[in-house]
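Novice:
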Amino acid sequence: MELNSLKDAFDRVAKKQKLFCSKSHEVMDQIVQEIEKAIEMMQPTTLDHKSILAELKKKLHEIAPLGQLEGTQKELNIALSKYPKALEKALNPDISKAYRNIEFDSRIVNQIITSHFYRQGLFDVGDCFITEAGEAEAAAATRSLFQEMYQILEAMKSRNLEPALKWAAENSDKLKENGSDLLLGLHQLQFVQILQKGSRDEALKYARTNFVPFAGNHMAEIQKLMGCLLYSDRLSESPYAHLLSPTNWDIMAEELTRQFCKLLGQSYESPLSVTIAAGVQGLPPLLKFMTVMAGKKQEWLSMKQLPVPVELGKEFQFHSIFVCPVSKEQSTDDNPPMLMSCGHVLCKQSINKMSKNGSKAFKCPYCPSDVDAARCRQLNF
Amino acid sequence: MEIDPLPNGTGSADTTSTETTITKTATTAASNTALSSNPSQLTESLKLEHQFLRVPFEHLKKTIRANHRTAEKEVSAVVSSFADVTDSNGLSNDDAVLSLTSLVSRLQGLKRKLDEGNRTENLQAQRCRVRLDHLESTDAEYLSVWNNVRLKRILVDYMLRMSYYDTAMKLAQSSNIEELVDIEVFQEAKKVIDALRNQDVGPALAWCADNKSRLKKSKSKFEFQLRLQEFIELVRAENYMRAILYARRYLAPWGATNLKELQQVMTTLAFRSNTECAKYKVLFDPKQWDFLVDQFKQEFYGLYGMTPEPLLNICLQAGLSALKTPYCYEDDCTKEDPLSQDNFRKLAMPLPYSKQHHSKLVCYITKELMDTENPPQVLPNGYVYSTKALKEMAEKNNGKITCPRTGLVCNYSELVKAYIS
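Taken in sequence, the protein lines are chains V and F. The first sequence: position 361 = 1030 (this note's numbering), numbered continuously. The second sequence: position 420 = 1377 (this note's numbering), numbered continuously.
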């Protein structure tokens, strides 16, 4: 985007503003100077102060303070009116054009926001919001759920693994069910930490008590960890140096968050963050459409489906969508996707149409195969 | 916005070592950032930031204009009082010196005032710059941080518009984004709104006077509406004479453009505030004050180049529509989908579904996209999963596949590939 041209336009504003400022100072100083000069002349003598005043009047008239400022002011005004025009040209001046006038229930929105604050660990802000906006009951539950998680994460930040280990041990069955190696990962961090402190015996003891349950599935890692014992005092120069990397801590903190949310039955990302991010990706094509559609606002308000495809990144794909390549329609329960004998997939209605309701074989639109409608199989994604 | 890169629900991690899991997480994270930093998408999203740049500029412009006005006024005052000095004949030398000296000190005072004004202007100009720089600072590396800040900005905007000022302040301070939000600008609105809520039109009228020329340009009726309300209050208090005087003075000038409303409101003189006549009853409704608050907000947003709706609502609506599919409302909707939550479902209810031109298949097991690299395969019962998930399952179970949704057991060799275009 032409951020640079915007910057230039703004620089012009700033420059003209400075110019105007110094100019008005200059003018003011001139006036003050003239007056002071006049005062000085009047001071010693009581001569003809009238003529001095007349002289001063003439001088001030020459200075013409307002007239002098006019020019620079005009330039400043031009700059001031150009910058917003540049903004309007480079950016989208009204993103609410893509907004349907549907009143959101502000109570629901507020509940969503409170949950968001709590799950992001912004407990103070969340509390403050509840005081201002109400809606205490619904949010209190979320608060206590996530408070524990942030206590664990805070402890991890100060390199204290106890709360994390405690939580992971308590939930080890569920973690295993989810296929998460969180517990072993945490033990590994702890083990390396002990080793780093230089006490090999203690590390060995720790390994004996804690690694045994993992021997079945994780022999390779455990062997590596035991190998570390050989290098206890110079781990950083050993083949196992990567175990010291602080990113291991970040990764485990992330995995803990992920698993914690999962066991709570919550998503890993804040749903509000996801929706807003999707909105930011979705708005540009919608706005583009609205400019084309200008004047047909009514139609927009009654649409059951967005008029334009909004391509979101794959991080926003939560469901399988099948669009029939022939009819360009999305599959439904009544019009399910069907697998043809050649492996290509069309929707049932398209197959019915092409086979004249199953009465004859037809050619696959994507390959030379002949397709028998009766042998097509319904798919479930 | 990273989506679970770890296999879940399959127990497949049993075979993957911790180490590979770790590297996998790292690389997926990296590729995800690369994906969401798609340059054209980023540019497009920056184009949504008009309000972000416009508001501080309008604020600056307002300050500059106000400073000009004071300067102009003072200078002409000085010029005219100087004219007084020179024009008065009987002035003694001492008196002349005295009044000249006072003019000088007045000018010095003006200079100080201008300096002060200039400092404010510089601060506000600085803020405009900070915003421009912020838009430029969208490095791929820190994109997720930047996006996070964007959400916070959007939330502060919402708080300010809904008059949750404390939360707005707290959120801005705790996140260190005060320069990126418009708390100061809203202080001005807060005064007017608070007064209107107390049924006091004073600050609102002062605000109208302050912004007279711009309101006139946008053909705003706001001042007229305030005057009407004041008139109604006089009628309500049965202060009819004053009401008539008030109407003569403040309502009559609007007659040319808003005669109908003017006539309607004048008729209230004939009715009492407890009238049952619907047409006039509504004018006495205390809700009219709420209407004035809303009206003021719209005028205020307009002057500062803000969107008429909170940014949050606009983005939320677009996001919900973009995410909404018929599958979101099914029971087995994944938790990662915001639309699996009741509150989001309720908000999305009246909104349109998203539209897709191309198939996008997500593996039921791994939740990963099925594409040419990870093509979908069909079980004999018609259920489809990704090659990756099925391969892993087969490796662990001697080539046997168990359909997680139907319990059907089959051999890996019985699978057929599906070609989705």
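Cβ coordinates follow ideal geometry from the N, Cα and C atoms, glycine included.
Let me make sure I understand the geometry here. Which of V:845, V:1030 and V:894 has the alpha-carbon closest to that of residue 931 of chain V?
Specialist: Walking along the first sequence from the start, residue 931 of chain V turns up at place 262. Among V:845, V:1030 and V:894, the Cα nearest to that of residue 931 of chain V is on V:845.
Novice: Only counting the same chain, and skipping five residues up and downstream in sequence, which positions put a Cβ closer than 6 Å to that of residue 671 of chain V?
Specialist: Mapped onto the first sequence, residue 671 of chain V falls at position 2. Excluding sequence neighbours, residue 671 of chain V sits near 759.
Novice: Can you give me the C-alpha to C-alpha distance between residue 681 of chain V and residue 748 of chain V, rounded to a whole angstrom?
Specialist: As a first step, residue 681 of chain V must be located in the first sequence, where it is residue number 12. As a first step, residue 748 of chain V must be located in the first sequence, where it is residue number 79. Whole-angstrom Cα-Cα distance: 6 Å.
Novice: In chain V, which residues lie with their C-beta within 8 Å of the C-beta of residue 1270 of chain F?
Specialist: In the second sequence, counting from the first residue as 1, residue 1270 of chain F sits at position 313. Chain V residues near residue 1270 of chain F: 768, 773 and 778.
Novice: Within 10 Å of its beta-carbon, does residue 1363 of chain F have 16 or more other beta-carbons around it, so buried, or fewer, so exposed?
Specialist: To locate residue 1363 of chain F, count along the second sequence from 1; it is residue 406. Under this definition residue 1363 of chain F is an exposed residue.
Novice: Helix, strand or coil for residue 1360 of chain F per DSSP?
Specialist: Locating residue 1360 of chain F in the second sequence gives position 403, where the first residue counts as 1. Three-state result, residue 1360 of chain F: coil.
Novice: Cα separation between residue 1184 of chain F and residue 1171 of chain F?
Specialist: Start at 1 with the first residue of the second sequence, and residue 1184 of chain F comes out as number 227. Start at 1 with the first residue of the second sequence, and residue 1171 of chain F comes out as number 214. Using only the alpha carbons, I get a separation of about 19 Å.
Novice: By the criterion of Cβ-Cβ separation under 8 Å, what are the contact partners of residue 819 of chain V in chain F?
Specialist: The residue labelled residue 819 of chain V in the question sits at position 150 within the first sequence. Neighbours of residue 819 of chain V on chain F: none; closest Cβ ~14 Å, over 8 Å.
Novice: Could you name the residues that DSSP lists as bridge partners for residue 1317 of chain F?
Specialist: The count along the second sequence starts at 1 and reaches residue 1317 of chain F at position 360. V:990, per the DSSP bridge assignment.
Novice: Along chain V, in chain order, which residues have C-beta atoms closer than 7 Å to that of residue 1228 of chain F?
Specialist: Along the second sequence, one-based indexing puts residue 1228 of chain F at 271. Near residue 1228 of chain F there are no residues of chain V at all, since even the closest Cβ is about 32 Å away, more than 7 Å.
Novice: Please name the residue, chosen from F:1254, F:1298 and F:1288, that lies closest to residue 1151 of chain F on a Cα-to-Cα basis.
Specialist: Counting from 1 along the second sequence, the entry for residue 1151 of chain F is found at position 194. Per the Cα distances, F:1254.
Novice: Counting only beta-carbon atoms, is residue 1165 of chain F nearer than 7 Å to chain V?
Specialist: Taking the second sequence and counting its residues from 1, the one referred to as residue 1165 of chain F is at position 208. So, not an interface residue.
Novice: Please report how far the alpha carbon of residue 1311 of chain F lies from the alpha carbon of residue 979 of chain V, in whole angstroms.
Specialist: Residue mapping note: residue 1311 of chain F aligns to position 354 of the second sequence, counting from 1. Residue mapping note: residue 979 of chain V aligns to position 310 of the first sequence, counting from 1. Spanning the two alpha carbons is a distance of roughly 7 Å.
Novice: What residues in its chain sit with their C-beta under 7 Å from that of residue 1047 of chain V, if we drop five residues either side in the sequence?
Specialist: Numbered from 1 along the first sequence, position 378 holds the residue referred to as residue 1047 of chain V. 1005 and 1007, listed in sequence order.
Novice: Please state the DSSP three-state secondary structure of residue 1038 of chain F.
Specialist: Here residue 1038 of chain F corresponds to residue number 81 of the second sequence, with the count starting at 1. Correct three-state label for residue 1038 of chain F: helix.
Novice: In three-state terms, what does DSSP make of residue 719 of chain V?
Specialist: Position 50 of the first sequence, counting from 1, holds the residue named residue 719 of chain V. Three-state result, residue 719 of chain V: helix.
Novice: Applying the criterion that 16 or more other CB atoms from any shown protein chain within 10 Å of the CB defines a buried residue, is residue 1289 of chain F buried or exposed?
Specialist: In the second sequence, residue 1289 of chain F corresponds to position 332, counting from 1. Counting Cβ neighbours within 10 Å, residue 1289 of chain F comes out exposed, since fewer than 16 surround it.
Novice: According to DSSP, is residue 1158 of chain F helix, strand or coil?
Specialist: Residue numbering aside, residue 1158 of chain F sits at position 201 when the second sequence is read from its first letter. Residue 1158 of chain F: coil per DSSP, three-state reduction.
Novice: Less than 7 Å separating the beta-carbons of residue 825 of chain V and residue 929 of chain V?
Specialist: Residue 825 of chain V sits at position 156 when you count from the first residue of the first sequence. Residue 929 of chain V sits at position 260 when you count from the first residue of the first sequence. Not in contact: residue 825 of chain V and residue 929 of chain V (Cβ atoms no closer than 7 Å).
Novice: Go to residue 1085 of chain F, then tell me how far its beta strand (DSSP E) extends in each direction, as first and last residue.
Specialist: Within the second sequence, residue 1085 of chain F is the residue found at index 128, counting from 1. Counting along the chain, residue 1085 of chain F falls outside any beta strand (DSSP E), though it belongs to the alpha helix (DSSP H) covering 1050-1093.
Novice: Roughly how many angstroms separate the alpha carbons of residue 1372 of chain F and residue 1365 of chain F, rounded to a whole number?
Specialist: Here residue 1372 of chain F refers to the residue found at position 415 of the second sequence. Here residue 1365 of chain F refers to the residue found at position 408 of the second sequence. Distance between the alpha carbons of residue 1372 of chain F and residue 1365 of chain F: 13 Å.
Novice: For residue 1050 of chain V, which residues of its own chain have a beta-carbon under 7 Å away from its beta-carbon, when the five flanking residues on both sides are left out?
Specialist: In the first sequence, the residue the question calls residue 1050 of chain V occupies position 381. Closer than 7 Å at Cβ, skipping near neighbours: 989 and 991.
Novice: Along chain F, in chain order, which residues have C-beta atoms closer than 9 Å to that of residue 681 of chain V?
Specialist: On the first sequence, residue 681 of chain V is found 12 positions in, with the first residue counted as 1. The contacting residues do not exist; residue 681 of chain V stays about 12 Å from chain F at best.
Novice: Report the rounded CA-to-CA distance for residue 1195 of chain F versus residue 1163 of chain F, giving the unit in angstroms.
Specialist: As a first step, residue 1195 of chain F must be located in the second sequence, where it is residue number 238. As a first step, residue 1163 of chain F must be located in the second sequence, where it is residue number 206. Distance between the alpha carbons of residue 1195 of chain F and residue 1163 of chain F: 26 Å.
Novice: Can you check which of these residues, F:1264, F:1015 and F:1293, is closest to residue 1323 of chain F by C-alpha distance?
Specialist: Walking along the second sequence from the start, residue 1323 of chain F turns up at place 366. For the residues F:1264, F:1015 and F:1293, the minimum Cα distance to residue 1323 of chain F belongs to F:1293.
Novice: On the premise that residue 686 of chain V lies in contact with residue 738 of chain V, defined as a C-beta separation below 8 Å, what is that separation, rounded to the nearest angstrom?
Specialist: Here residue 738 of chain V refers to the residue found at position 69 when the first sequence is read from its first residue. Here residue 686 of chain V refers to the residue found at position 17 when the first sequence is read from its first residue. So it is not a contact: roughly 13 Å between Cβ atoms.
Novice: How far does the beta strand (DSSP E) with residue 972 of chain V in it extend, from its first residue to its last?
Specialist: Locating residue 972 of chain V in the first sequence gives position 303, counting from the first residue. First-last for residue 972 of chain V: undefined, no H or E at that position.
Novice: Please give the ranges of any alpha helix (DSSP H) in the region 767-846 of chain V, keeping only runs that are unbroken, at least 4 residues long and fully inside the region.
Specialist: Listed in chain order, the complete alpha helix (DSSP H) runs (minimum 4 residues) inside the region 767-846 of chain V are 775-788, 792-802, 805-826, 831-839 and 841-846.
Novice: Counting C-beta neighbours from all protein chains within 10 Å, is the total for residue 988 of chain F 16 or more, i.e. buried, or is it exposed?
Specialist: Your numbering for residue 988 of chain F matches position 31 in the second sequence. Its pLDDT being 37, under 50, residue 988 of chain F is placed unreliably by the model, and the measurement read from it follows with that caveat. The residue is exposed, with fewer than 16 neighbouring Cβ atoms inside 10 Å.
Novice: With a CB to CB cut of under 7 Å and the five nearest residues on each side skipped, what residues in its chain are close to residue 821 of chain V?
Specialist: For the purposes of this step, residue 821 of chain V is taken as the residue at position 152 of the first sequence. Here the set comprises 832, 833, 836 and 925.
Novice: Report the neighbours of residue 1149 of chain F on chain V: residues whose CB is nearer than 8 Å to its CB, in chain order.
Specialist: Locating residue 1149 of chain F in the second sequence gives position 192, counting from the first residue. Correct list: empty, because the minimum Cβ distance to chain V is about 19 Å.
Novice: Chain V beta carbons: is any one of them nearer than 7 Å to that of residue 1294 of chain F?
Specialist: Taking the first residue of the second sequence as 1, we reach residue 1294 of chain F at position 337. Yes, residue 1294 of chain F lies at the interface with chain V (some Cβ there is under 7 Å from its Cβ).
Novice: Could you say if the region 906-923 of chain V and the region 874-888 of chain V meet the contact criterion of at least three C-beta pairs nearer than 8 Å?
Specialist: Judged by Cβ distances under 8 Å, the region 906-923 of chain V makes no contact with the region 874-888 of chain V, as fewer than three pairs qualify.
Novice: Go ahead and label residue 939 of chain V buried or exposed: buried means 16 or more other beta carbons lie within 10 angstroms of its beta carbon, across all protein chains shown.
Specialist: Taking the first residue of the first sequence as 1, we reach residue 939 of chain V at position 270. It is buried - the Cβ of residue 939 of chain V has at least 16 other Cβ atoms within 10 Å.
Novice: Once you ignore the five residues that flank residue 1350 of chain F on each side, which residues in its own chain have a CB closer than 6 Å to its CB?
Specialist: Along the second sequence, read from residue 1 onward, the residue named residue 1350 of chain F stands at position 393. Excluding residues within five positions, the ones whose Cβ falls inside 6 Å are 1358.
Novice: With a threshold of 8 Å on Cβ separation, who are the neighbours of residue 980 of chain F within its own chain once the five nearest residues in sequence on each side are excluded?
Specialist: For the purposes of this step, residue 980 of chain F is taken as the residue at position 23 of the second sequence. Since pLDDT at residue 980 of chain F reaches only 38, below the 50 mark, its modelled position is unreliable, and the value read off the structure follows with that caveat. Nothing listed; no residue qualifies.
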